[in-house]
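For reference, the structure discussed in these notes is given below.
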Amino acid sequence: MSKKVRKAVIPAAGLGTRMLPISRCVPKEMLPIVDRPAISYLVNEAFDSGITDVLIITGREKEAMEDYFDFSPEYDAALTAKGRAGEVEALRAEVSRGNVFFLRQKEKKGLGHAILQARSFVGDEPFAVLYGDDVIFSETPVAAQLIGSYARYGRPVAGLKHVPPEDLRKFCSMKAEAIPGAEREEYFVSDMIEKPAPGREYTDLAILGRVLLTPEIFGILENTAPGAGGEIQLTDAMAEYARRRGMTGLVFEGERFDLGSKLGLLAANVAQGVRHPEVGEAFSAFLREFVKTL
Ligand code: UTP
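Taking this note's numbering, the leading residue of the sequence shown gets 311, the next gets one more, and so forth.
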């Protein structure tokens, strides 16, 4: 029987050079989607999926993330003085949903190296990985969807999407066969290739932002040599695991935004802005007028 998934790791130590100049002084994970930082959507997705312990892999100049998951006595006092004590309770509840741990990756040696830092936090349990740049809006939280696949097959899971051919070279293409009679769109994954040159891709299925791993990955990661870009690539280690034992691939339901890119940040704000309980209606009205000017 597969073990309960209680832990998640969010790698968020990257420099974010695609978000320059702002990333020099605001961590990209703290950029807002309307009124909440990107990182809060990831942490809430983990808690909404039944996870109790989240480890954020962080780095220098990113302390603002820690402050966000703390109480803020100055605001609490100011709100209480204005007769808005209810808001204090809501803010406190939002940052008290579970345990949020932080650990620094002292050298930025790649996503695989960031995950390796989580070894002692993970221990001998399965764990979800929510890539720090990828915010996904969905009916069922994507981490919960992956946990479902893990429960069904007992193997590590790659969260997948079908990707247009011209975009595949930016992602990791899966060698995958559909699982007959599967409840969802699920595949048996036997290999993968990171950033394939045209013609080298296996399928149009690529990992987008979520995986569920088991601790065996650490033994592989510690022996993984730097790959593309001179970085220790998580996908190189997952490819090795897939060749040895196989993984499950799940095409998840959800709308994914790359918050490490300017376009992704803008699109996420529009998508969430029109649904926002406070400003959604007014923002939609603004947008309807604005698009007429384009
Ligand atoms: P990216 O490939 O987006 O790298 O990392 P980056 O350095 O953050 O961004 P750019 O390309 O310079 O704009 C994918 C995920 O892995 C994390 C990042 O924070 C992001 O969530 N990461 C990457 C680490 O935690 N450590 C690393 O050494 C590299």
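Just so it is clear, CB atoms sit at the ideal spot from N, CA and C, and this is done for glycine as well.
- Taken atom to atom, the span from the alpha-carbon of T513 to that of I343 is near 33 angstroms.
- Under DSSP, E565 forms a beta bridge with F447.
- Burial of A424 is indicated by the presence of at least 16 other C-beta atoms within 10 angstroms of its C-beta.
- Around the beta carbon of L341, a 10 Å sphere encloses 16 or more other beta carbons of the protein chains shown; the residue is thus reported as buried.
- Membership of K471 in the beta strand (DSSP E) is indicated by the continuous run V467 to H472.
- In this structure, the alpha-carbon of F447 lies about 12 angstroms from that of A348.
- Sixteen is the threshold: since fewer than 16 other Cβ atoms of the shown chains lie within 10 Å of the Cβ of T390, the residue is exposed.
- Along the length of the stretch 525 to 594, whole alpha helix (DSSP H) runs at least 4 residues long occupy 526 to 531, 544 to 555 and 572 to 583, reported in chain order.
- Beta-bridge partners of C482 (DSSP): E504.
- In the structure shown, F596 adopts helical secondary structure according to DSSP, grouped into three states.
- Per DSSP, the unbroken alpha helix (DSSP H) holding I457 starts and ends at V452 to Y463.
- In this structure F357 is in contact with R407, their Cβ atoms being roughly 4 angstroms apart against a cut-off of 8 angstroms.
- Judged by DSSP secondary structure, T368 falls within the beta strand (DSSP E) whose first and last residues are D363 to T368.
- The ligand UTP has no heavy atom closer than 7 angstroms to the beta-carbon of D501.
- Within the same chain, A468, C482, S483, M484, K485, Y512, I517, T545, M548, A549 and A552 come within 8 angstroms of M502 by CB-CB distance, once the 5 residues on both sides are set aside.
- Where A403 is concerned, the enclosing alpha helix (DSSP H) starts and stops at A395 to E404.
- The DSSP-derived three-state label of K392 is coil.
- With at least 16 other beta carbons inside 10 angstroms of its own, A322 counts as buried.
- In this structure, I361 sits away from R328, with a CB-CB distance that is not shorter than 8 angstroms.
- Only exposed fits S430, as fewer than 16 other CB atoms lie within 10 angstroms of its CB.
- If the five residues before and after F593 are omitted, its C-beta is found closer than 8 angstroms to the C-beta atoms of G583, V584 and H586, all from its own chain and listed in chain order.
- Counting the other Cβ atoms within 10 Å of the Cβ of Y351 gives 16 or more, which makes it buried.
- With a cutoff of 8 angstroms on beta-carbon distance, F498 and G537 are scored as not near each other.
- Exclusion of the five residues before and after K471 leaves L515, A516, L518, V561, F562 and R566 as the residues of its chain whose Cβ lies within less than 8 angstroms of its Cβ.
- Using a C-beta cut-off of 8 angstroms, the stretch 525 to 541 makes no contact with the stretch 454 to 462, since fewer than three inter-stretch Cβ pairs fall below that distance.
- The C-beta separation of A454 from S312 comes to about 14 angstroms, leaving the pair out of contact by the 8 angstroms criterion.
- The beta-carbon separation of K372 and P331, rounded to 17 angstroms, does not stay under the 8 angstroms limit for a contact.
- Judged by DSSP in its simplified three-state form, P342 adopts strand.
- Of G540, R554, R346 and V364, the smallest CA-CA separation from A428 is found for V364.
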